[in-house]
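A.B. asks: Below is the structure I would like to discuss, written out as structure tokens.
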């Protein structure tokens, strides 16, 4: 059923003269509105709103879902029939009916789906009637297998025609056919090779390349998404006796004529496939008519003609023609169009009042003519209880003088051999008083001389009668000025301003009366008074289009400019003003049509003009200068607070004026000073100026163009504004106390310009905050502050300052908060406690003072502390400086960093405010624990000899505890800056010197000394020194490797070695032998393997002693060559670096070099560098 049926609940008027007397009491149609507030509570027979299609093919892998939804009041109940008999849903556990609807869900998993095939029909019933659905035929989709067959190989001569048959199994629904090869590639179709609608493959003529063994027909079944494959067909094309050229002939359809039947509304498919050589071309025409171009399409290389949405006019003879250069052949297909039943006018729901008469019509058409059957509540009307008020006449049911309780649902069924139509239409008998559905007090706005529609949508049964009144008095009748439509809408053909006013509509039936008020406002139309004019402008100049508009004052207008019917370019050169458009520095791209559109919410008007851009005249040269000053200044529309200033612009000197700057002089308060007031666009010649009272104004205007400002115009005549009360109060109002018992209220005074009149003074008001007392006040003049005395210390006050003059007071002033003066705090912090975290950090806690005792704004707390003495000392230190830390805000704790370990400290705390500090808290002492000591004060080497030396040091400046002793570490440093093993000595606390013996002569030693307490060792201090050589200690500051003679010698030796290597390489390539080779030949070693001819390796020379180094070399045993460094710097020794001691006591630092060294390397002789050693290192 059409889903809009339930919304069109109205009568159909009488249809014949024979029924005129019977229908004399038939009323107009009554529509039930969709407003939920109206529908709520109205009884309504069932209406089917959703149902499954008539033919439902289901997938056996999914549940069957048969839809049936309906609405009604009360909600309907649902039942089903299957194959014409009652279907008991509750007895079948596999069938579920959704709650609140009739939709069935059938679970066919594990069941034979065929058991649920059949014809289903849904019934929806409530106390007012019964509605039924279509007959829904449920069938299972099928994708049967291809029957087993053996395809014989096909052999044909080149040039003949060929048909490969597909003949797929019959599926439900029918499958989609396509041809592919073994590689799943679709066969290429063209004008010569095509697939028919039945799936067969047609060759108009075969070619040698058509030979293949894998012509495979595939059938895809849409519902199950399965594909079945036919056995491959093998085709062999021979060319030993090829077929010659020939005229076309039809392969299908056969014979000169054929027939085709198609149903109305479906798609007509006609097919002609021809053979011949060359391949024929196809064409189509309809005898005695034209093909409908909008519904016609060709497919399969014009072998298939399709006409969609067929109607009766598409019947007739269609001629397909096949032609090649040897001839033409025709085939005629006779098409007949039949029609399943289709609606001309479906029955509509009726809502009738008691004693009214209504008509149901069921007008259908079809070919052949459908048979019409009527049902009431699902029962054939001839089997229904007899009703004398009902008369059936073929496609019409007449209901006369209906009564309450006779509501029902009627079904119309129209059928022929090609199908059927079935529709439900309910007849609801209602008695309802009128309701007006149009919102009350709605305002309608129209433009004068346009139609006005005032709505009065109503509902009631019987249908209410609508009458209209204007201004609650004048009755409105149908006539030349007014029309009252059937739906109650009042139309005024040509609205005028006199039609504005209040309108009342009254809805009346025999059950009651209801009225509603609406309002009509008739507005003036929007008109363009001055249209833009055609412009011819030189390139680079400005173009100005004016567009002055008149509109209704109550409507808000919007001006829009278009260029060539599109938006203006996004360019700063396009300036839109209130009533004009300016295009600056025009270019050729700016040419076009410019349109101004004035829109309001009700109407619009538009006007256009062309812009033509021409070449600028080259001579005379254009001179750009500042504009001349404006002239003829005139003041009009004068009021106390505004005036309109107009002027005549001066010459712009070829550079368009961009704006006008308006200045004023106040001859009363600031004579001689010109002040900028406002500016307006360069196309304006007037400005509305906002003024202040009690000012002697004089105005002048300056013009500005891209070159600059003009000279000022001559001043206008003087304009004096009348005095008035001040418009504003002083700014920057503050309240701050300078003494403990006062409050200084200050402000920024008004200027003479702001005073608005003579006798300016200030009313100062104050009161203590949160006391709800009366305001105290004092009037003062010519001052910017006032002092209030004799008030409590540091309490908040509400303050305000109001301007006054001889003409009244300014606006109500804003309230500000200030505070009276502060005094020194009264109390000291209590309960001071100290928590020592470590030897250098302590944390102090205290109990904050009470806020009243602060007597001001709390700034924070100051902690004063100093070191009394070290714990190992007995007397107080006299020169210890007192330290202070300030903790801002209302704090109760703070940390004291940077303390000295093993010391006695004393501290006290004061609270501070803006006035100063309060009394100090009781002193508190605390001790810091021991820490690590500082470095020894010095370390020096004395009396070096061949194998000994003496170290002397001083104790640390800061012991930071009880000194427990010293740790001395030392190690040798060889000539390559590598460190030897570390020796460690522990010394007593009272020792300050030691002599080290058994040292190597001529050796550099590095010493590390640190002091220690029970907390650990402190920082180290280092020193280095040589033991004495037998003759003279070489200076480490002179590195032989940097001497010029040594570098030259090394270069010569390297060059000599390179020459020797080259000579050896040449001799080896010539097959010669050198002494090493001869020696090895004389003393063969069994481990030496001769060189194989095929691998190219040197087998005759092998180092049998694990790569023994050359005689005199210093290559380490691990095979690496140590880098010989001679830089002598503290960085290389690790002084100040990240050096550290390893677990075995060795020192890790720059001495370790880039790689780990064997232990014996650190013990090598520290002999001075020599050329021989340098050579060994180089090799």
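In the numbering used here, the protein residues as written are 54 to 1232. The C-beta atom is built at its ideal place from N, Cα and C for all residues, glycine as well. All of these numbers come straight from a predicted model, not from anything done at the bench.
Determine the contact status of residue 460 and residue 127, defining contact as a CB-CB distance below 7 angstroms.
C.D. replies: Not in contact: residue 460 and residue 127 (Cβ atoms no closer than 7 angstroms).
A.B. asks: Give the range of the beta strand (DSSP E) segment to which residue 817 is assigned.
C.D. replies: Unbroken beta strand (DSSP E) run through residue 817: 814-821.
A.B. asks: Looking only at its chain, what residues have a beta carbon closer than 7 angstroms to the beta carbon of residue 210, apart from the 5 residues adjacent to it on each side?
C.D. replies: The answer, listed in chain order, is 291, 294, 295 and 296.
A.B. asks: Using 8 angstroms as the threshold, is the stretch 580-592 in touch with the stretch 516-529, meaning 3 or more CB pairs across them?
C.D. replies: In short, these stretches do not touch, since the Cβ pair count stays below three.
A.B. asks: Which residues does DSSP list as the beta-bridge partners of residue 424?
C.D. replies: 468, per the DSSP bridge assignment.
A.B. asks: Here's a check: name, in chain order, each residue in its chain whose Cβ is nearer than 7 angstroms to the Cβ of residue 997, leaving out the five neighbours to either side.
C.D. replies: Around residue 997: 1078, 1079, 1080 and 1081.
A.B. asks: Consider the Cβ of residue 372: report whether some Cβ of chain D lies at a distance smaller than 7 angstroms.
C.D. replies: Chain labels in this structure do not include chain D; a single protein chain is all it has.
A.B. asks: Given a threshold of 16 other Cβ atoms within 10 Å of its Cβ, counted over all protein chains shown, does residue 384 qualify as buried or as exposed?
C.D. replies: Flag for residue 384 reads buried.
A.B. asks: Residue ranges of each alpha helix (DSSP H) run of no fewer than 4 residues wholly in the stretch 864-912, ordered along the chain?
C.D. replies: Listed in chain order, the complete alpha helix (DSSP H) runs (minimum 4 residues) inside the stretch 864-912 are 904-907.
A.B. asks: Using a Cβ-Cβ cut-off of 7 angstroms (strictly less than) and excluding sequence neighbours within five positions of residue 764, which residues of its own chain qualify?
C.D. replies: Counting only Cβ-Cβ distances below 7 angstroms, and skipping sequence neighbours, we find 682.
A.B. asks: Please report how far the alpha carbon of residue 266 lies from the alpha carbon of residue 283, in whole angstroms.
C.D. replies: Looking at the two C-alpha atoms, the distance is approximately 13 angstroms.
A.B. asks: May I have a chain-ordered list of the beta strand (DSSP E) segments no shorter than 3 residues that lie completely inside the stretch 371-399?
C.D. replies: List check, beta strand (DSSP E) in window: 380-398.
A.B. asks: Pull the bridge partners of residue 104 from the DSSP assignment, please.
C.D. replies: In DSSP, residue 104 forms a bridge with 121.
A.B. asks: Using C-beta distances below 6 angstroms, list every residue in its chain close to residue 386, excluding the 5 sequence neighbours before and after it, in chain order.
C.D. replies: 311, 313, 323 and 371.
A.B. asks: Out of 915, 946 and 922, state which residue places its alpha-carbon closest to the alpha-carbon of residue 936.
C.D. replies: When only C-alpha atoms are compared, the closest one is 915.
A.B. asks: Residue range of the beta strand (DSSP E) that residue 853 falls in?
C.D. replies: Residues 849-858.
A.B. asks: When the Cα atoms are used, what is the spatial distance from residue 198 to residue 207?
C.D. replies: Looking at the two C-alpha atoms, the distance is approximately 24 angstroms.
A.B. asks: Using C-beta distances below 6 angstroms, list every residue in its chain close to residue 805, excluding the 5 sequence neighbours before and after it, in chain order.
C.D. replies: Taken in chain order, the residues that qualify are 722.
A.B. asks: Which residues in the same chain have their Cβ closer than 7 angstroms to the Cβ of residue 734, if we skip the five residues on either side of it in sequence?
C.D. replies: Within the same chain, residue 734 has close Cβ partners 630 and 712.
A.B. asks: Pick out whichever of 272, 946, 832 and 415 has its Cα sitting closest to the Cα of residue 882.
C.D. replies: Checked all of 272, 946, 832 and 415; the closest Cα to residue 882 is 946.
A.B. asks: Among the residues of its own chain, which have a CB less than 8 angstroms from the CB of residue 669, if the five just before and after it don't count?
C.D. replies: If we look at residue 669 and ignore the five residues flanking it on each side, its Cβ neighbours are 591, 592, 593, 594 and 675.
A.B. asks: By Cβ distance below 7 angstroms, which residues in the same chain neighbour residue 309 in space, the five residues on each side in sequence not counted?
C.D. replies: Taken in chain order, the residues that qualify are 384 and 385.
A.B. asks: Report the partner residues of residue 773 according to the DSSP bridge assignment.
C.D. replies: 749.
A.B. asks: Starting from residue 231 and walking both ways along the beta strand (DSSP E), at which residues does that stretch end?
C.D. replies: Segment 229-233, the beta strand (DSSP E) holding residue 231.
A.B. asks: Got a sec, what are the start and stop residues for the beta strand (DSSP E) residue 293 sits in?
C.D. replies: Per DSSP, residue 293 belongs to no beta strand (DSSP E) and is neither H nor E.
A.B. asks: Quick check on DSSP: helix, strand or coil for residue 719?
C.D. replies: Strand at residue 719.
A.B. asks: Rounded C-beta distance between residue 221 and residue 272? I'm assuming under 8 angstroms.
C.D. replies: Confirmed, Cβ separation roughly 4 angstroms.
A.B. asks: So, is residue 955 buried or exposed, given that buried needs 16 or more other C-beta atoms within 10 angstroms?
C.D. replies: Per the 10 Å Cβ criterion, buried.
A.B. asks: Are the stretch 700-718 and the stretch 774-793 in contact at 8 angstroms, needing three or more beta carbon pairs?
C.D. replies: Result no; under three Cβ-Cβ pairs closer than 8 angstroms.
A.B. asks: What is the rounded straight-line gap between the Cα of residue 500 and the Cα of residue 542?
C.D. replies: Residue 500 and residue 542: Cα-Cα distance of roughly 18 angstroms.
A.B. asks: Where does residue 660 fall in DSSP's three states?
C.D. replies: Residue state, collapsed to three classes: strand.
A.B. asks: Here's a check: name, in chain order, each residue in its chain whose Cβ is nearer than 7 angstroms to the Cβ of residue 452, leaving out the five neighbours to either side.
C.D. replies: Excluding residues within five positions, the ones whose Cβ falls inside 7 angstroms are 410, 411, 442, 443 and 480.
A.B. asks: Could you tell me how far apart the beta carbons of residue 506 and residue 556 are, in whole angstroms, since I believe they sit closer than 8 angstroms?
C.D. replies: Wrong, their Cβ atoms sit about 11 angstroms apart, outside the cutoff.
A.B. asks: Excluding the five sequence neighbours on either side, which residues of its own chain have a C-beta within less than 7 angstroms of the C-beta of residue 170, listed in chain order?
C.D. replies: Here the set comprises 191, 192 and 193.
A.B. asks: Which residue marks the beginning of the alpha helix (DSSP H) containing residue 1121, and which one marks its end?
C.D. replies: Start and end: 1097-1122.
A.B. asks: Pick out whichever of 237, 750 and 800 has its Cα sitting closest to the Cα of residue 692.
C.D. replies: Closest option to residue 692, Cα to Cα, is 750.
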